[in-house]
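Numbering-wise (my numbering), the sequence shown opens with residue 656 and increments by one. Built from N, CA and C at the ideal position, the CB exists for glycine as well. Computed from a prediction, not measured in an experiment: that's the story for all the values here.
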Amino acid sequence: SWRDNWKPLFFPGGLCVYPSWVEPSVPGKKVVFLDPGMAFGTGTHETTSLCLDWMGSNNLAGKTLVDWGCGSGVLALAGAAVGARKVWAFDNDNLARTVAKQNVIKNGFVSIVEVSAAPLSPLSADILIANILLGPLLSLRESFLKCLRRGGRLLLAGILNSQADSL
Numbered sequence: 656s657w658r659d660n661w662k663p664l665f666f667p668g669g670l671c672v673y674p675s676w677v678e679p680s681v682p683g684k685k686v687v688f689l690d691p692g693m694a695f696g697t698g699t700h701e702t703t704s705l706c707l708d709w710m711g712s713n714n715l716a717g718k719t720l721v722d723w724g725c726g727s728g729v730l731a732l733a734g735a736a737v738g739a740r741k742v743w744a745f746d747n748d749n750l751a752r753t754v755a756k757q758n759v760i761k762n763g764f765v766s767i768v769e770v771s772a773a774p775l776s777p778l779s780a781d782i783l784i785a786n787i788l789l790g791p792l793l794s795l796r797e798s799f800l801k802c803l804r805r806g807g808r809l810l811l812a813g814i815l816n817s818q819a820d821s822l
């Protein structure tokens with residue numbers, strides 16, 4: 656019965672997240688198919704929605720993107736859907752990586768999105784998105800700097816208002 660109530664999500668720039676059992680109703684949209692499951696990230700959580708809003712509102716065409724703490728891969732998939740030329744999706748959880756890889760295949764983004772535990776070589780991404788908790792954000796600071804090109808954009812989400820000063 657929960658499938659009856661699970662609806663598509665719409666974000667700026669024509670970006671949409673649809674469950675696989677719903678046929679997209681509006682042509683010309685940038686659609687990501689994602690079913691709720693074992694890994695975090697369907698687009699419904701407030702911090703994920705904020706990231707998707709930002710991604711749909713900004714021109715990512717031709718950009719390189721890192722999704723650190725990718726969970727289901729929803730942000731990585733959205734990056735590919737809105738035109739990123741290369742996306743690296745990292746997660747330290749084996750199950751999340753498995754789910755993210757399945758979602759990459761389901762959405763036909765195998766040539767764009769690469770899922771792994773961590774960078775295997777130095778990167779120079781235009782944008783790094785991390786929608787994770789404060790502790791990991793702080794501990795990954797140096798790793799983030801090594802993955803982001805000079806002048807790149809860093810989008811951090813998942814923190815509480817009371818943690819903003821610490822960040």
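Three-state class that DSSP yields for residue i in the structure shown
{"i": "G734", "result": "helix"}
{"i": "K685", "result": "strand"}
{"i": "R752", "result": "helix"}
{"i": "E678", "result": "coil"}
{"i": "P791", "result": "helix"}
{"i": "T703", "result": "helix"}
{"i": "G711", "result": "helix"}
{"i": "D820", "result": "coil"}
{"i": "V759", "result": "helix"}
{"i": "V729", "result": "helix"}
{"i": "S878", "result": "Lying before the first or after the last residue shown, residue 878 is absent from the chain, which here runs from 656 to 822."}
Residues that residue i bridges to, as DSSP identifies them
{"i": "S771", "result": "F745"}
{"i": "T719", "result": "K741"}
{"i": "N786", "result": "A812"}
{"i": "C671", "result": "F665, V686"}
{"i": "A780", "result": "L803"}
Proximity to residue i [Cα-Cα], best of the options
{"i": "F764", "options": "C671, W743, T702", "result": "W743"}
{"i": "N747", "options": "A733, S771, S794, I782", "result": "S771"}
{"i": "L750", "options": "S727, A736, G734, A733", "result": "S727"}
{"i": "V759", "options": "L789, G669, D690, P682", "result": "D690"}
{"i": "S675", "options": "A819, Q818, L783, Q757", "result": "Q757"}
{"i": "P777", "options": "G669, S794, V721, N714", "result": "V721"}
{"i": "E797", "options": "D820, A773, Q818, S817", "result": "A773"}
{"i": "K684", "options": "G669, T753, F695", "result": "G669"}
{"i": "T719", "options": "G806, L795, G692", "result": "G806"}
C-beta contact flag for residue i and residue j at 8 Å
{"i": "S712", "j": "P667", "result": "yes"}
{"i": "V687", "j": "N762", "result": "yes"}
{"i": "L803", "j": "A780", "result": "yes"}
{"i": "V729", "j": "T702", "result": "no"}
{"i": "V681", "j": "A731", "result": "no"}
{"i": "L775", "j": "A733", "result": "no"}
{"i": "L789", "j": "F799", "result": "no"}
Same chain, Cβ closer than 6 Å to residue i, neighbours up to 5 away in sequence not counted
{"i": "W723", "result": "F745, A785"}
{"i": "I787", "result": "G724, G813"}
{"i": "A735", "result": "V742, F764, I767, V768"}
Spatial neighbours of residue i in its chain, beta-carbon cut-off 8 Å, leaving aside the 5 residues before and after
{"i": "P679", "result": "P663, C671, Y673, V686"}
{"i": "L792", "result": "A785, L811, G813, I814, L822"}
{"i": "G717", "result": "G738, A739, R740"}
Nonlocal neighbours in the same chain, by C-beta distance under 7 Å from residue i, ignoring five residues either side
{"i": "F665", "result": "C671"}
Chain C within 8 Å of residue i, Cβ atoms only
{"i": "R658", "result": "Here chain C cannot be found, since the structure has a single protein chain."}
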